[in-house]
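> According to this note's numbering, the sequence shown is numbered sequentially starting from 4. Ideal placement from N, C-alpha and C gives every residue a C-beta, glycine not left out.
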Amino acid sequence: MFLQCGKFRLSLARPLIMGVVNITPDSFSDGGNFTAAKAALAHARQLIAEGADIIDIGGESTRPGSAGVALDEERRRVLPVLEQLAGGPVPLSIDTQKPELMREAIAAGASMINDINALQANEALAAVAHSDVAICLMHMRGTPADMQIDPVYGDVVAEVRAFLDERVCAAHATGIAPDRIVVDPGFGFGKTLEHNLQLLRHLDRFGAAGAIVLAGMSRKGMLGRLTGRDVNDRVFASIAAAVIAVGKGARIVRVHDVAATRDALAVWAAVNPGNYS
Ligand code: HH2
């Protein structure tokens with residue numbers, strides 16, 4: 004199994020690590036640390052050295068309650084870093100909901116578009132369709148501003164699956180091949196702790212029909228709720244979550260702590276060589 008990711012063709016024979024670089028003053032976990040492009044670049048290079056397979060660059064915080072950022076500002080944050088890193092050893096993913104920025108990022112060398120809005124904005128599918136970039140379609144209930152206000156589901160796993168199936172069909176209909184598509188249940192995006200746990204418990208159902216599944220739980224509030232730890236003290240819980248997700252079929256984990264995740268997944272992969280081809 005492979006993921007077509009721009010000019011990269013990534014083997015999924017072992018779980019892949021997507022390292023997070025947020026260039027935002029207000030990200031819930033590392034906000035403010037990498038505001039300057041220089042610092043973001045250094046951080047990205049460090050994550051690559053630690054073994055990140057993909058770098059995910061974001062210029063808009065999506066933490067619960069956040070308001071969003073204007074196109075100009077997001078562009079100003081993201082593009083200089085992307086341009087500096089393009090042509091490097093790993094594919095670059097841009098975490099954006101804005102079709103204009105998707106187009107500009109692809110032109111500047113991005114290999115993947117990671118959209119928490121699952122390419123539902125007008126023109127978003129068109130922005131990526133005639134390229135060779137990978138796309139990540141994520142489920143979110145509501146918007147970051149209101150998503151954690153009493154989210155309700157009948158059957159969270161079935162509803163999130165139905166949504167992602169529909170978005171995958173929409174992507175296919177615009178000519179995007181299955182080996183470019185990643186799906187993500189969107190941990191923490193309009194979900195209670197119990198919803199998140201249900202999704203993790205049944206994560207294997209998202210990959211059952213051959214979809215490439217990504218899971219992002221790194222440092223999130225659900226881990227804070229389970230451990231009582233502050234956001235910068237959730238590395239161990241994040242590792243546990245990543246290993247559980249991979250055990251349930253996630254092919255890509257989106258994490259802040261690349262070195263620690265890499266070691267944990269090396270152990271997992273050694274024990275499960277045949278389970279994951
Ligand atoms: N989570 C965040 C942002 N983007 N993309 C995908 N595909 N899956 C996720 O789970 C996901 C995501 C939120 O985490 P982070 O980037 O650390 O924080 P912030 O949005 O505050 O920048």
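Determine, using beta carbons only, whether A121 and R170 come nearer to each other than 8 Å.
Yes, they are a contact pair.
> Hey, out of M143, L229, I255, whose CA is closest to I184's CA?
Answer by Cα proximity: I255.
> Tell me whether D201 sits in a helix, a strand or coil according to DSSP, three-state version.
Inspection of the sequence shows that residue 201 is occupied by Gln rather than by Asp. Q201 falls in the helix class under three-state DSSP.
> Measure the alpha-carbon distance for F192 versus P67 and round it to whole angstroms.
Using only the alpha carbons, I get a separation of about 8 Å.
> From the DSSP output, which residues share a beta bridge with Q292?
Residue 292 is absent from the model: the chain starts at 4 and stops at 280.
> Which residues does DSSP pair with A218 in a beta bridge?
Its beta-bridge partners are V256.
> Considering Cα atoms alone, identify which of G145, D168, T177 is closest to S134.
Among G145, D168, T177, the Cα nearest to that of S134 is on T177.
> Can you give me the Cβ contacts of T230 inside the same chain, cut-off strictly under 7 Å, excluding the 5 residues immediately before and after it?
Result list for T230: R237, A240, in chain order.
> Does the beta-carbon of N235, which I'm using as the reference point, lie nearer than 7 Å to any heavy atom of the ligand HH2?
N235: no, Cβ never under 7 Å from the ligand HH2.
> Nearest to A129 by CA position, among L104, P147, H142, is which residue?
Measuring from the Cα of A129, the nearest candidate turns out to be L104.
> Tell me whether P94 is buried or exposed, calling it buried when 16 or more other Cβ atoms sit within 10 Å of its Cβ.
When all chains shown are included, P94 counts as buried.
> Tell me whether I119 sits in a helix, a strand or coil according to DSSP, three-state version.
Reduced to three states, the DSSP call for I119 is coil.
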